[in-house]
Amino acid sequence: MSRVDFSKIATKYEDYSLVQKSVADTLLELLEIGNSDDVLDLGCGVGNLTREIREITKGTIIGIDPSEGMIREAIEKGRGLDSITFEIKAAEEMDYKDCFDVIFCNSSFQWFREPQEAVENCYTALRKGGRIGIQAPGKRVYSPNFIEAVEKAKEYPRTKGIFTHFKEPWFFLETADEYRGLFEKYRFRIVLSKIGSIRTKHTPEEVFNIFSSGAVAGYLSQDFYDVEINTDYTDSFKEIVKDAFVQQANNHGEMELIFNRIFLVAVKE
Ligand SMILES: C[S@@+](CC[C@H](N)C(=O)[O-])C[C@H]1O[C@@H](n2cnc3c(N)ncnc32)[C@H](O)[C@@H]1O
Numbered sequence: 011m012s013r014v015d016f017s018k019i020a021t022k023y024e025d026y027s028l029v030q031k032s033v034a035d036t037l038l039e040l041l042e043i044g045n046s047d048d049v050l051d052l053g054c055g056v057g058n059l060t061r062e063i064r065e066i067t068k069g070t071i072i073g074i075d076p077s078e079g080m081i082r083e084a085i086e087k088g089r090g091l092d093s094i095t096f097e098i099k100a101a102e103e104m105d106y107k108d109c110f111d112v113i114f115c116n117s118s119f120q121w122f123r124e125p126q127e128a129v130e131n132c133y134t135a136l137r138k139g140g141r142i143g144i145q146a147p148g149k150r151v152y153s154p155n156f157i158e159a160v161e162k163a164k165e166y167p168r169t170k171g172i173f174t175h176f177k178e179p180w181f182f183l184e185t186a187d188e189y190r191g192l193f194e195k196y197r198f199r200i201v202l203s204k205i206g207s208i209r210t211k212h213t214p215e216e217v218f219n220i221f222s223s224g225a226v227a228g229y230l231s232q233d234f235y236d237v238e239i240n241t242d243y244t245d246s247f248k249e250i251v252k253d254a255f256v257q258q259a260n261n262h263g264e265m266e267l268i269f270n271r272i273f274l275v276a277v278k279e
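Here it is in structure tokens:
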């Protein structure tokens, strides 16, 4: 049986959402990883959170990600650390069975091509009593600031022709109940499913950096266009988005960034 008191989780979510806490830290604390838990970091990126998990548990830790570059970096950065295994693998390709107490999945779920298959694989990978925690952008308008900025690229002659060929790669559901339903379909018991509107204050430059560290990998990847994109297009697109963030700032050069995020914790019983 899990040692986590799940009834506390919803209350905790409220507490955490009141403070300016990083969303990854919130997810980590909601999961209450025990000191001998075996953990899968699903969509681990460069492994910075995987290394944080290493400080919490002495159990086995595996980080997987389909991006070769991310895994290369994760292995490089994790050198010398005790027993973290990093593998190039997508959620849809997992074939683990009953071997993890916790699956930690931060800011990756929106990228899954086959989310249903991924959820089913997660259920199989967990031991009985094991739990999964997801934190990801939720709702099609996952950030009104980003959407408003990106919409400008539909107006400008330098970008509008090509941008109409962009096909969104992300998976978003509109309500916490829809996320709940997806996990319940694969027999999970839901402990928490909530979409929070997280508001943080930044300069437009900081917001552009946040945009560049995630969303841009979708908007400016050739994979998601059926016409060729060139540097003239990508440079113009970035300039337009950057200017749009400056327009969104107040007189003090500050803007409020709104991000809708799903937090979901579920248990395999
Ligand atoms: C924004 S990064 C998040 C990385 C890390 N979890 C973090 O919070 O810092 C999203 C990651 O999801 C990975 N990803 C994309 N598709 C995936 C899939 N089908 N299965 C697992 N991970 C995937 C990407 O390669 C990328 O490294």
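Sequence positions in the sequence shown follow the working numbering and run 11 to 279.
For each residue, glycine too, the CB sits at the ideal point set by N, CA and C.
Under 8 Å between C-beta atoms of residue i and residue j
i, j, result
"Arg64", "Ile71", "yes"
"Ile115", "Arg137", "A small fix is needed here, since residue 115 is Cys in this sequence, not Ile. For Cys115 and Arg137, no; Cβs fall outside 8 Å."
"Glu103", "Arg123", "no"
"Asp187", "Val112", "no"
"Tyr1", "Phe269", "With the chain covering 11 to 279 only, the question about residue 1 has no answer from this structure."
"Phe182", "Gly148", "yes"
"Glu158", "Ala254", "yes"
"Gln258", "Asn131", "no"
"Lys278", "Phe173", "no"
"Ala146", "Leu50", "no"
"His175", "Asp236", "yes"
Residue burial classification, residue i (beta-carbon count within 10 angstroms, cutoff 16)
i, result
"Glu42", "buried"
"Pro214", "buried"
"Val275", "buried"
"Thr60", "buried"
"Asn45", "exposed"
"Thr169", "buried"
"Asn58", "exposed"
"Ser93", "exposed"
"Gln232", "exposed"
Residue interval of the beta strand (DSSP E) (run including residue i)
i, result
"Arg123", "Where Arg123 is concerned, there is no enclosing beta strand (DSSP E), given that its DSSP letter is neither H nor E."
"Arg271", "Met265 to Val277"
"Cys115", "Phe110 to Asn116"
"Asp51", "Val49 to Leu52"
Residue span of the alpha helix (DSSP H) that contains residue i, given as start and end
i, result
"Ile172", "Pro167 to Phe173"
"Ser223", "Pro214 to Ser223"
"Glu102", "Glu102 -> no alpha helix (DSSP H), and no H or E assigned at all."
"Val237", "Note, Val237: premise wrong, no alpha helix (DSSP H); not H, not E."
"Glu42", "Element bounds for Glu42: n/a, residue is neither H nor E."
"Ala227", "Val226 to Tyr229"
Heavy atom of ligand 2 within 7 Å of residue i beta-carbon
i, result
"Gly148", "No copy of ligand 2 occurs in the structure displayed; its ligands are ligand 1 alone."
My parser needs the beta strand (DSSP E) runs of 3 or more residues fully inside the segment 54-80; what are they? As far as the segment 54-80 is concerned, its whole beta strand (DSSP E) runs of at least 3 residues are 71-75.
Beta strand (DSSP E) runs wholly inside the segment 134-215, at least 3 long, in chain order: Within the segment 134-215, the runs of beta strand (DSSP E) at least 3 residues long that lie entirely inside it are, in chain order, 136-147 and 199-212.
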